[in-house]
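Student: Letter 12 of the sequence shown, counting from 1, is numbered 97 in this note's numbering, and no numbers are missing.
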Amino acid sequence: MAPSPPREDPITFPASSPPSDPGHSAALIFLHGLGDSAFGFSGIASQFQNANKLPHMRWLFANAVENRDAMQQAWYTPSSLSPFPSSRPELDDEEDEAGMLESVAYIVGLIDGLVAEGVPAERIVLAGFSQGAAMSLLTALISPRHSGRLAGVAALSGYLPIEKRIQALRAAAGLPETVGEMPVFVARGTKDMLVPRRYLRICVEALEKLGMREKKSGEEGGGDGVLEVHEYEGMGHGTSGVELRDLCAWLEKVVPPLE
C-alpha cells in the first residue's frame, strides 16, 4: 500500500479565557470541506472570540490530505449526490469507505490528543462543513472510544455517509445499536445544490433510528440526545451569519462554562 500523502498540522486557537481547572475546559475540532483547508473556516474562532463568545473553548481546525483521485484536499474520494433516488442502485458508484475510515482514525487521534492534555471527552465537540460534516457525524457514530461520549456534533451543509453500514460498523466496534446521549446540530441551506435536501431526510431518519429525537419548533432547552435541525431560506452551499448565531447558541448549551 502506498504511504499516505503528508498532512499539514491543524490550526489551533487557544481559549481566550482558559479555566483554571483543565477539567472545565472545552474544545471544538472543525473539519473543512472538499478542496478547502483548515484556514478556510479558521476565521470562525476569531469571530467568536472577538465577540467574547465561548471564551473557555479551544479551537482546532484540521487538514485533510491531498486525495489523488479527487486531485484536491479531501477526507475521502467524493461520490455524486443525486437529488433523486437511483433507479439502479447496484450501478451507483461505491462510497469510499476505506478513505472515510482512514480519516476517522486520524480524527479519533485528534480527540485522543485533547483528552491526553486534560480536556474531558464530554467537553469536546466535533464540527464540520460538507465533507467535514460527513466525517464529524461518522466519527461520532462509529468510534469505539468516543461514540455517544462527546459533547456533541455539528454538521453544516453535509450528510451522513455510508448510512447503511453504520450499524455493522458499530457492531464491529462493540457498540450498542443506539448512540445514547449525544446532541447533534444539523444545518443546511434551502438553495444548496451540491448536497440535495433528500440527504437531510436520510440523515435525520438514520440518527433517529440510532436513538436521537428531533427537537421540534418552539421546544425549549436541548436535553440529552436531542437532534436539532435547521434549514436556512435562500442559503446555498455555504454558511451565513444567522447559521453561525444558531451554532453559537447551541455550543453555549452543550459546552457551557463551568466556572
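Backbone N, C-alpha and C fix where the C-beta goes; we use that ideal spot for every residue, glycine too.
Because the structure is a prediction, the values reported are computed rather than measured.
1) Output the distance between the C-alpha atoms of VAL314 and GLU299, rounded to the nearest integer angstrom.
2) Should ARG234 be counted as a contact of the ligand COA given a C-beta to heavy atom distance under 8 Å?
3) Can you grab the Cα-Cα spacing for the pair ASP347 / SER165, in whole Å?
4) Less than 9 Å between the beta carbons of LEU119 and GLN216, yes or no?
5) Please classify GLN158 as buried or exposed, where buried requires at least 16 neighbouring CB atoms within 10 angstroms.
6) Taking GLU151 as the reference, give the member of LEU139, PHE133, SER122, PHE126 with the closest Cα.
7) Would you report the Cα separation of PRO246 and MET220, rounded to the nearest angstrom?
8) Taking PRO170 as the reference, which of HIS109, PRO281, GLU207, ALA212 has the closest Cα?
9) For PHE124, count neighbouring C-beta atoms within 10 Å of its own C-beta (all shown protein chains included) and say buried if the count is 16 or more, exposed if not.
10) If we require 3 or more residues per run, which beta strand (DSSP E) segments fall completely within the region 231 to 285?
11) Assess contact between the region 262 to 271 and the region 224 to 235, defined as three or more Cβ pairs (one per stretch) separated by less than 8 Å. Is contact present?
12) Can you look up VAL189 in the DSSP assignment and give me helix, strand or coil?
13) Can you list, in chain order, the residues of its chain whose CB lies under 8 Å from that of SER101, leaving out five sequence neighbours each side?
14) Should THR275 and TYR317 be called a contact, given that it needs their Cβ atoms to be closer than 9 Å?
15) Between VAL339 and the rest of its own chain, which residues show a CB-CB distance below 6 Å, the 5 nearest in sequence each way excluded?
16) Going by alpha carbons, who is nearest to GLU180 out of LEU312, ILE196, TRP160?
17) Could you tell me which residues DSSP puts in a beta bridge with GLY213?
18) For the beta strand (DSSP E) holding ALA159, just list the boundary residues, first then last.
19) Counting contacts by CB-CB distance shorter than 9 Å, is MET297 in contact with chain D?
20) Between the alpha carbons of PRO95 and HIS117, how many angstroms are there, rounded?
21) Nearest to GLY115 by CA position, among PRO103, ALA130, PRO104, ALA183, is which residue?
Tutor: Quick answer:
1) 7 Å
2) Ligands displayed in this structure: none; no statement on the ligand COA is therefore possible.
3) For the chain, the structure presents residues 86 to 344; residue 347 sits outside this window and is missing.
4) yes
5) buried
6) SER122
7) 8 Å
8) PRO281
9) exposed
10) 237 to 241, 269 to 274
11) yes
12) helix
13) GLN134, ASN137, PRO140
14) yes
15) ALA236, GLY237, PRO268
16) TRP160
17) LEU116, ALA240
18) 157 to 159
19) No chain D is present in this structure, which holds just one protein chain.
20) 11 Å
21) Residue identity differs from the one stated: residue 115 is Phe in this sequence, not Gly. For the residues PRO103, ALA130, PRO104, ALA183, the minimum Cα distance to PHE115 belongs to ALA130.
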